[in-house]
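Chemist: Supplied in structure tokens, the structure appears directly below.
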Amino acid sequence: MIYFFKPSFKRLFKKLQALKRDQVLEAIEALKIVLESKKSIEGLGLKLLSNNIWEIRSSLKDRIIFTFDDEIITFVLVGNHDEVKRYLKNL
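The working numbering applies: residue 65 is where the sequence shown begins, and numbers increase by one.
Printed below as a string of structure tokens:
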């Protein structure tokens, strides 16, 4: 599995408070475990939004959006529900 982070994701990630950054990193690590070992992790909230666009939760309010093509995971966005909605609307 190969993991990429789009510049937009990196930019948004840097703006987060330290606690939220830690939560995002924990969620990404949990996703890696799920994808590589085929074990589910409760509370991750892995959800298919459309085509190959997926979402996981880093907290109750915050989401991480990524695409999944073959063996390549590309992290696109980290934000709250409204930011995710706006992103999906602009696709």
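Note that beta-carbon positions come from the ideal geometry of N, C-alpha and C, so glycine has one too. Note that this is a predicted model, so its numbers are computed, not measured.
#1: Under the three-state reduction of DSSP, which class applies to E119: helix, strand or coil?
#2: Measure the C-alpha to C-alpha separation of A94 and D133 and round it to an integer number of angstroms.
#3: Between the C-alpha atoms of L155 and K103, what's the straight-line distance to the nearest angstrom?
#4: Output yes or no for whether 9 Å exceeds the beta carbon distance between E107 and R127.
#5: Looking only at C-alpha atoms, which of R85, S101, I129 sits nearest to R150?
#6: Determine the DSSP secondary structure at D133, reduced to helix, strand or coil.
#7: From this set, L152, T138, L80, V148, which residue's C-alpha is nearest K96's C-alpha?
#8: Are L89 and L152 close, meaning C-beta to C-beta below 9 Å?
#9: What are the boundary residues of the alpha helix (DSSP H) that includes K70?
Modeler: The relevant details are as follows:
#1: It is a strand residue.
#2: Each residue's CA atom was taken as its position, placing A94 and D133 some 19 Å apart.
#3: Rounded to whole angstroms, L155 to K103 spans 31 Å at the Cα level.
#4: According to the sequence as given, residue 107 is Gly; it is not Glu. Taking 9 Å as the cut-off, the beta carbon of G107 is found no closer than this to the beta carbon of R127.
#5: Residue I129 is the option with its Cα nearest to R150.
#6: Secondary structure of D133 (DSSP, three-state): strand.
#7: Of the listed residues, the one whose Cα sits closest to K96 is T138.
#8: No, they are not a contact pair.
#9: Where K70 is concerned, there is no enclosing alpha helix (DSSP H), given that its DSSP letter is neither H nor E.
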